[in-house]
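Chains as they are written, first to last, in the working numbering: chain A, -7 to 187; chain B, 142 to 297.
Glycine included, C-beta positions come from ideal geometry on N, C-alpha and C.
Written out below as structure tokens is the structure these notes cover.
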């Protein structure tokens, strides 16, 4: 394979310097076979682009989750990650308390998430509303119910509960769900504008 | 760029790359999701995450390759597996001819062409992702195109 041949692909891929462009044009003008090869490969590339469009049509918004899921497990022995996660959770809690006491409710609507999980030692919630970060839920008393109250902006939110830091479960009270791309499901919550 | 914007803009590109590499739609969707999830975990430290997400995707393909012994079975894509509904679906879709011909390319040519066709990465970035020189990328991508042309003409 000579260097002039490579110019065809470099042309297709926008990788030609100005001097290479001159060489490429000269070669096209001089060699009819070279020119035909270049045209054939460009046409082939057009076909590939069309195939790419078809691929993307297959993989539309319904196929992909709305956003990638950020795992929130705690790797063993990585204390800094745990401390970081706790710090994030604490910040989220402070932010939540500030929002809860805010005199202006127009920015969001408080929503109470409740999950009955009497055997669980830890339950958290994560969703599109908090960047899929894990926010610990509280268990008032020994009722078996876990709860969290979050102020959510109007719109559609995806979320799931995280039990024992590893098992994701959907909200049994919300029928709207979708696959999360990892073999699990997310619940879909619609928050209406508060009048 | 916010990660959500990055995800929406590039998820199809990464999926397309993975599908060209594996020929398996469901596997490609899973690997694409895993690629973005891993990328998200490291995103804050990387100014341009595009090569990173493709590097992660490539590593996942090869991890999967090593994990699944079925990988070598795709060496003969012309023999259509009637028992595989995923392949039959591809048969009916526009572009399947190219997809099958892509599978006939040697691994090192198919992966370079699959990356180039995303129209997202420069030769330099592809060299970084695949661990070969830029000059080698140049040669392989052109050789891949020529071989692909031959395979496409074989079936016409």
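Practice problem: On a CA-only basis, which of 121(A), 123(A) and 116(A) is nearest residue 140(A)? Give me that one, please. | Solution: On the first chain, residue 140(A) is found 148 positions in, with the first residue counted as 1. Cα-wise, what sits closest to residue 140(A) is 116(A).
Quiz prompt | Per DSSP, the bridge partner or partners of residue 158(B) | solution = By 1-based counting over the second chain, the position of residue 158(B) is 17. Its beta-bridge partners do not exist; DSSP assigns none.
Quiz prompt | Proximal chain B residues relative to residue 152(A), where beta-carbon distance stays under 9 Å | solution = As a first step, residue 152(A) is located in the first chain; it is residue number 160 there, counting from the start. Within 9 Å Cβ-Cβ: nothing; residue 152(A) doesn't reach chain B, min ~14 Å.
Quiz item: For the segment 13 to 43 of chain A, which residues have a beta carbon sitting closer than 9 Å to at least one beta carbon of chain B?
Solution: Contact annotation: in the segment 13 to 43 of chain A, residues whose CB is within less than 9 Å of a CB in chain B are 29, 32, 33, 36, 37, 39, 40, 41, 42 and 43.
Quiz item: Quick check: the segment 168 to 184 of chain A against the segment 124 to 139 of chain A, are there 3 or more CB pairs under 8 Å?
Solution: The segment 168 to 184 of chain A is not in contact with the segment 124 to 139 of chain A.
Quiz prompt | Residues within the segment 156 to 174 of chain B neighbouring chain A, beta-carbon criterion of under 9 Å | solution = Per Cβ criterion, the list reads 156, 157, 160, 161, 166, 169, 170, 171, 173 and 174.
Quiz item: Are the Cβ atoms of residue 262(B) and residue 192(B) separated by less than 8 Å?
Solution: Reading the second chain from its first residue, position 121 is the one you call residue 262(B). Reading the second chain from its first residue, position 51 is the one you call residue 192(B). For the pair residue 262(B) and residue 192(B), the CB atoms are nearer than the 8 Å cut-off.
Practice problem: Anything in chain A within Cβ reach of residue 282(B), meaning under 8 Å, just list it in chain order. | Solution: One-based indexing of the second chain puts residue 282(B) at position 141. Against chain A, a Cβ distance below 8 Å from residue 282(B) picks out 1 and 5.
Quiz item: Using 8 Å as the limit for Cβ to Cβ distance, is residue 145(A) near chain B?
Solution: In the first chain, counting from the first residue as 1, residue 145(A) sits at position 153. It does not: the Cβ of residue 145(A) has no partner Cβ on chain B nearer than 8 Å.
Quiz prompt | Closest Cα partner of residue 167(B) within the set 249(B), 202(B), 291(B) and 242(B) | solution = Along the second chain, one-based indexing puts residue 167(B) at 26. With distances taken between Cα atoms, residue 167(B) lies closest to 202(B).
Practice problem: May I ask you to report which of helix, strand or coil DSSP gives residue 143(A)? | Solution: Residue numbering aside, residue 143(A) sits at position 151 when the first chain is read from its first letter. Looking at residue 143(A) - three-state DSSP - the assignment turns out to be strand.
Quiz prompt | Minimum Cβ-Cβ distance from residue 264(B) to chain A less than 8 Å | solution = In the second chain, the residue the question calls residue 264(B) occupies position 123. Yes, its Cβ sits closer than 8 Å to a Cβ of chain A.
Exercise. Taking all protein chains shown into account, decide if residue 34(A) is buried (16 or more other Cβ within 10 angstroms of its Cβ) or exposed.
Key: What you label residue 34(A) is simply residue 42 of the first chain in a count that begins at 1. Exposed.
Quiz item: What residues from chain D crowd round residue 177(A), counting only those whose CB sits closer than 9 Å?
Solution: No chain D appears in this structure, whose protein chains are A and B.
Quiz prompt | residue 266(B), DSSP secondary structure in three states | solution = Translated into positions along the second chain, residue 266(B) becomes position 125. The answer is helix: DSSP assigns residue 266(B) an H, G or I state.
Self-check item: Listed by chain order, chain B residues near residue -3(A) by CB distance under 7 Å
Solution: Stepping through the first chain from its first residue, residue -3(A) is reached at position 5. Going along chain B in sequence order, the residues near residue -3(A) (Cβ under 7 Å) are 283.
Quiz item: Using a Cβ-Cβ distance under 8 Å, would residue 201(B) count as near chain A?
Solution: As a working note, residue 201(B) is residue 60 in the second chain. Residue-level contact by beta carbon fails for residue 201(B) and chain A, as no gap is shorter than 8 Å.
Self-check item: Continuous alpha helix (DSSP H) assignments of at least 4 residues falling wholly in the segment 121 to 167 of chain A
Solution: Restricted to the segment 121 to 167 of chain A, not a single alpha helix (DSSP H) segment is unbroken, complete and at least 4 residues in length.
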